[in-house]
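Worksheet: one structure, shown below.
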Amino acid sequence: MTIDDSLDNVASHRIADSLRTAILDGQLAPGTRIRQGDLADQFGASRIPVREALRMLHSDGLVTLVANSGAWVAKLSMAECIEAYQVRERVEPLLLRTSMPHLDGEAIDRLQAMVEAMEADDSVDFFMRTDRDFHLATYAGAPPSMLSDLIRRLWNTTQHYRRAYAMLVRAPSIGVTHMEHHLLVDCIRRQDADDAERVLVMHIQRTRLELQKHPDLFR
Numbered sequence: 001m002t003i004d005d006s007l008d009n010v011a012s013h014r015i016a017d018s019l020r021t022a023i024l025d026g027q028l029a030p031g032t033r034i035r036q037g038d039l040a041d042q043f044g045a046s047r048i049p050v051r052e053a054l055r056m057l058h059s060d061g062l063v064t065l066v067a068n069s070g071a072w073v074a075k076l077s078m079a080e081c082i083e084a085y086q087v088r089e090r091v092e093p094l095l096l097r098t099s100m101p102h103l104d105g106e107a108i109d110r111l112q113a114m115v116e117a118m119e120a121d122d123s124v125d126f127f128m129r130t131d132r133d134f135h136l137a138t139y140a141g142a143p144p145s146m147l148s149d150l151i152r153r154l155w156n157t158t159q160h161y162r163r164a165y166a167m168l169v170r171a172p173s174i175g176v177t178h179m180e181h182h183l184l185v186d187c188i189r190r191q192d193a194d195d196a197e198r199v200l201v202m203h204i205q206r207t208r209l210e211l212q213k214h215p216d217l218f219r
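Under full-length UniProt numbering, the first residue of the sequence shown carries the number 1, and numbering increases by one thereafter.
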């Protein structure tokens, strides 16, 4: 690899990391056009690392690339979002079951601390970051696999709609979400995979059913 190639690689990761954060934090809404020239100017880079960054984000499920047209922040129809949640209901319990035997006491204590932090802070932004960290940490005991890659991509693709859900339920039923988090930690601590799967399916399904009531979120 030449020095120029190495610099382009560093630049592409820097651009991808910045865009990933902006998308996951809700700064760039689904359907937003991403212009390569604007990114190149913003980061003082050539088009080569910009194109590579967009390919990385496309692979992550965060960006849609259209040949000879451009790039957009990934957007889902309601049917696509519901399908993504139905897939999550089936595959995430499997990954959780694989992960649980490899989560030690220290890891479980960290999960408990995240649940308590979410209860103590009523900010949507904090909840979104910590809820994502919490669930991905419950899967961290599983070895890297196609399944773990698929689940991370599904989390990325549905992030905007999870944020909309979080804003919808903050007042009336956020307590139920916290309770389900506590139940998950308890199941993991007890190493009861059957109970953990049941709680997780219910947890994901509840979000899906709530989103189905709000088709306006997908316009």
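All C-beta atoms in this analysis are idealised placements derived from N, C-alpha and C, irrespective of residue type, glycine included.
For residue i, would you say it is in contact with chain B, using Cβ-to-Cβ distances shorter than 9 Å as the test?
i   : result
T21 : Among the protein chains of the structure shown there is no chain B, as only one such chain exists.
Kindly give me the distance between the Cβ atoms of residue i and residue j, rounded to whole angstroms, as I take these residues to be in contact under 8 Å.
i    : j    : result
P93  : L200 : 5 Å
I204 : Y85  : 6 Å
In its own chain, which residues sit with a C-beta less than 7 Å from the C-beta of residue i, not counting the 5 before and 5 after it?
i    : result
L150 : V91
L57  : A16, L19, R20, V63
S99  : T138, Y139, A140, G141, A142
Which residues mark the beginning and the end of the alpha helix (DSSP H) in which residue i is found?
i    : result
G105 : 105-120
F134 : 124-138
D25  : Taken as a continuous stretch (DSSP letters only), D25 belongs to no alpha helix (DSSP H), as it is neither H nor E.
D195 : 193-212
Can you list, in chain order, the residues of its chain with a C-beta nearer than 8 Å to that of residue i? Leave out the 5 residues immediately preceding and following it.
i    : result
R163 : G26, V124, M128
A107 : A137, A140, G141
I82  : R208, L211, Q212
D4   : In this prediction, D4 scores a pLDDT of 47, lower than 50, which makes its location untrustworthy; no coordinate-derived value is stated.
Where does residue i land, buried or exposed, given buried means 16+ other C-beta within 10 angstroms?
i    : result
R88  : buried
N156 : buried
P30  : buried
G37  : exposed
P143 : exposed
M146 : exposed
P49  : buried
V115 : buried
H214 : exposed
Q159 : buried
M202 : exposed
G61  : buried
If I measure Cβ to Cβ from residue i and keep anything under 6 Å in the same chain, skipping five residues before and after, which residues do I get?
i    : result
L217 : A164
F43  : I15
Any chance you could list the beta strand (DSSP E) runs of at least 3 consecutive residues sitting entirely within the stretch 39-115, in chain order? 63-66, 70-73
Would you mind listing the alpha helix (DSSP H) stretches within the stretch 142-182 that are 4+ residues and don't spill past its ends, in chain order? 146-157
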